[in-house]
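Chain order of the listed sequences is A and B. Counting from 10, one number per residue, gives the positions in the first sequence under my numbering. Counting from 13, one number per residue, gives the positions in the second sequence under my numbering.
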Amino acid sequence: EAQVTQNPRYLITVTGKKLTVTCSQNMNHEYMSWYRQDPGLGLRQIYYSMNVEVTDKGDVPEGYKVSRKEKRNFPLILESPSPNQTSLYFCASSFRRETGEQYFGPGTRLTVT
Amino acid sequence: QQQVKQSPQSLIVQKGGISIINCAYENTAFDYFPWYQQFPGKGPALLIAIRPDVSEKKEGRFTISFNKSAKQFSLHIMDSQPGDSATYFCAASITWGRTNAGKSTFGDGTTLTVKP
Chain A
10 EAQVTQNPRY LITVTGKKLT VTCSQNMNHE YMSWYRQDPG LGLRQIYYSM
60 NVEVTDKGDV PEGYKVSRKE KRNFPLILES PSPNQTSLYF CASSFRRETG
110 EQYFGPGTRL TVT
Chain B
13 QQQVKQSPQS LIVQKGGISI INCAYENTAF DYFPWYQQFP GKGPALLIAI
63 RPDVSEKKEG RFTISFNKSA KQFSLHIMDS QPGDSATYFC AASITWGRTN
113 AGKSTFGDGT TLTVKP
């Protein structure tokens, strides 16, 4: 089954404790992207990657890191999480020629206390 | 700076009615305009999309109207059904081969409720 998977689906952590949210896709997509969704603010792009070893900042990259060492994986790293990073996070992927048509994962709900 | 403005924030429609959601964008570099549908507890799913060289696109009960000069586009849902009750997001993307390809900006979302 073609899909984007994220782990964990739910995470409660404390301020300053480094964490990684994994994202993996099995559709051979070149393009992957991370978004955060907050009530009333829609989805805001954090980082995106057009291919392996190529990453670019989205609209809200502060406090986040990403890496793209393999085509199928695009982990999101919060090195020192803060409460304002409490949010619902989505990973998405697509073929690079079709970046407007993205497949989204199920989401990761992160709470930072 | 909000580059894509979506309205209304919420919409209540009777079954069989027409639902209309509007979006406006600022950055003329955007060249692809998708709409996504999201049900509670799920990730957004692509519904329909349009390129700026086309003024209208229809897929079943869903139609996108696009006005390039006004930098506006809208989603029309004909014969709205209770199963259409969801949150709808418009988006604007810069696609392959262009500067900043891969950048996507979403509207704030519209919560649609279709009453039986």
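Beta carbons: idealized from backbone N, C-alpha and C, even for Gly. All figures in this text were calculated on a predicted structure; none of them were measured in a lab.
Chain B within 7 angstroms of residue i, Cβ atoms only
i	result
A/P70	no
A/E10	no
A/L52	yes
A/T120	no
A/M36	no
A/E110	yes
A/Y57	yes
Minimum Cβ-Cβ distance from residue i to chain A less than 7 angstroms
i	result
B/L59	no
B/S105	yes
B/S31	no
B/W108	yes
B/Y44	yes
Cα-Cα separation between residue i and residue j, rounded to whole angstroms
i	j	result
A/Y98	A/I86	12 angstroms
B/S67	B/K80	8 angstroms
A/V63	A/I21	30 angstroms
A/K74	B/F78	36 angstroms
B/F51	A/W43	19 angstroms
B/I89	A/G25	45 angstroms
B/D65	B/S86	15 angstroms
B/Q93	B/G72	13 angstroms
Assigned exposure category for residue i - 16 Cβ within 10 Å defines buried
i	result
A/R77	buried
B/K115	buried
B/T111	exposed
B/I30	exposed
For residue i, the three-state DSSP class (helix, strand or coil)
i	result
A/Q34	strand
A/Q94	helix
B/R63	coil
A/R118	strand
B/D91	coil
In DSSP terms, what residue i is bridged to
i	result
A/R53	A/R45
B/Y44	B/S105
B/N34	B/S19 and B/S86
A/K74	A/I86
B/E68	B/S77
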